[in-house]
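So, in structure tokens, the structure goes:
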């Protein structure tokens, strides 16, 4: 596709309409389940897919948090820095995503590599029921002590791992309306935050239904 051609809004969306409609029809008690993300380009493709669904943004907040954690784990190296930039910008339409993507890559990479990857990954995206109570931890029964052989001998000094004071953490700088920093700074506990976000999703769905 020629880079000189002026694209219409519809031409930025290169994802099947039936897939988009199926995702947008999910109720607030469902969330998207994405395939395993193995590369930063997979993450970029997932964000491109999400840009088609942000009219129902309560479906995509968990994906944004997941990708933010992966970018942090990769220390924002290589294309993970681009992933974080797009998470902080928060593109609400395919056209907005395309404009932000061009800050880092060429149109050929968008229409070639990225769109091809997105169309491959969309087949692995499904839905799952939200657990209103969060993760259930079951008690584990075992015999004796769990730390056999782990006691440090008295003649060995304790090893204190170094603290990485220079590592950057941008996970609270996301642009998504349900996970942006101004929401979490008023809460000091994870359980309170998750409860608040669930309520926000329900309210957002009711306003848009």
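In the working numbering, the protein residues as written are 1 to 209.
No residue lacks a Cβ here, since even glycine has one placed at the ideal position from N, Cα and C.
Reduced DSSP category for residue i - H, G, I as helix; E, B as strand; rest coil
| i | result |
| --- | --- |
| residue 65 | helix |
| residue 127 | strand |
| residue 59 | helix |
| residue 32 | strand |
| residue 169 | coil |
| residue 47 | helix |
| residue 107 | helix |
Residues near residue i in its chain [Cβ-Cβ closer than 6 Å; skip 5 each side]
| i | result |
| --- | --- |
| residue 84 | 71, 76, 170 |
Spatial neighbours of residue i in its chain, beta-carbon cut-off 8 Å, leaving aside the 5 residues before and after
| i | result |
| --- | --- |
| residue 167 | 75 |
| residue 174 | 64, 65, 68, 87, 88, 90, 180, 181 |
| residue 41 | 79, 113, 114, 117 |
| residue 81 | 71 |
Burial state of residue i (16 or more Cβ within 10 Å)
| i | result |
| --- | --- |
| residue 134 | Only weak support exists for where residue 134 lies, its pLDDT of 47 falling under 50; the value from the coordinates is given anyway. It counts as exposed. |
| residue 49 | buried |
| residue 117 | buried |
| residue 39 | exposed |
| residue 211 | For residue 211 there is no data in the structure shown, the boundaries of the chain being 1 and 209. |
| residue 17 | exposed |
| residue 176 | buried |
| residue 31 | buried |
| residue 54 | buried |
| residue 6 | The pLDDT assigned to residue 6 is 45, lower than 50, so where the model puts this residue is not dependable, and the model offers no usable value. |
| residue 99 | exposed |
Segment limits, alpha helix (DSSP H) that includes residue i
| i | result |
| --- | --- |
| residue 94 | 94–101 |
| residue 15 | No alpha helix (DSSP H) contains residue 15, which DSSP labels as neither H nor E. |
| residue 38 | Careful: residue 38 lies outside any alpha helix (DSSP H) and carries neither H nor E. |
| residue 74 | Counting along the chain, residue 74 falls outside any alpha helix (DSSP H), and DSSP gives it neither H nor E. |
| residue 91 | From DSSP, residue 91 is part of no alpha helix (DSSP H); its letter is neither H nor E. |
| residue 119 | 115–121 |
Same chain only: Cβ atoms within 7 Å of residue i, ignoring 5 sequence neighbours per side
| i | result |
| --- | --- |
| residue 52 | 13, 15, 20, 94 |
| residue 129 | 29, 30 |
| residue 179 | 61, 64, 65 |
| residue 26 | 59, 127 |
Rounded Cβ spacing between residue i and residue j (contact assumed at less than 8 Å)
| i | j | result |
| --- | --- | --- |
| residue 102 | residue 46 | At roughly 19 Å, the Cβ-Cβ gap does not stay under 8 Å, so residue 102 and residue 46 are not in contact. |
| residue 87 | residue 67 | 6 Å |
Residue i Cβ short of 7 Å to the ligand MN heavy atom set
| i | result |
| --- | --- |
| residue 88 | Absence of the ligand MN is noted for the structure shown, with no ligands found whatsoever. |
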